[in-house]
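K.L.:
Per full-length UniProt numbering: the sequence shown = residues 1 to 77.
Glycine is no exception: its CB is placed at the ideal position from the N, C-alpha and C atoms.
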Amino acid sequence: MSTDQQDAVRELDVRDIDGEPFGHIMDALDSVSEDEALRLVNSFEPVPLYDVLTKKGYQYDAEQVADEKWHITIRPD
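#1: Which same chain residues end up closer than 6 angstroms to R39 when comparing Cβ atoms and leaving out the 5 residues on each side of it in sequence?
#2: Just the C-alpha distance for G57 and E36, rounded to the nearest angstrom, thanks.
#3: Can you give me the Cβ contacts of S43 inside the same chain, cut-off strictly under 8 angstroms, excluding the 5 residues immediately before and after it?
#4: According to DSSP, is P76 helix, strand or coil?
#5: Could you please give the first and the last residue of the uninterrupted alpha helix (DSSP H) stretch that includes V47?
#6: From this set, G23, D18, A66, which residue's C-alpha is nearest V52's C-alpha?
#7: Measure the Cβ-Cβ separation of Q59 and P76 and say whether it is below 9 angstroms.
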């Protein structure tokens, strides 16, 4: 999926969250406006999250930027 470079991007690093980060991710997405994106920083590719994002009307780009570091850029569809 393509990335619009004009979007404002908020970042959420979930690597240091104790426990399940799903709630933090959903809360952050609730605050993202139509012209913004959320960059999720994670230590692995969160493949199970992709179905949830698609069902909730989001599009995403995933990129491994280093060993054990992924950027998943999420925006409203």
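P.N.:
On the basis of the data shown:
#1: Taking the first residue of the sequence shown as position 1, residue 39 is located at position 39. Within the same chain, R39 has close Cβ partners V9, E11, H71, T73.
#2: For this step, residue 57 is matched to residue 57 along the sequence shown. For this step, residue 36 is matched to residue 36 along the sequence shown. Taking the straight line joining both Cα atoms gives about 14 angstroms.
#3: Looking up residue 43 in the sequence shown gives position 43. Answer for S43: R15, E68, K69, W70, listed in chain order.
#4: In the sequence shown, residue 76 corresponds to position 76, counting from 1. DSSP, reduced to helix, strand and coil, places P76 within a strand of the structure shown.
#5: Counting from one through the sequence shown, the residue named residue 47 turns up at place 47. Per DSSP, V47 belongs to the alpha helix (DSSP H) from 47–55.
#6: Taking the first residue of the sequence shown as 1, we reach residue 52 at position 52. Checked all of G23, D18, A66; the closest Cα to V52 is G23.
#7: The residue labelled residue 59 in the question sits at position 59 within the sequence shown. The residue labelled residue 76 in the question sits at position 76 within the sequence shown. In contact: Q59 and P76 (Cβ atoms closer than 9 angstroms).
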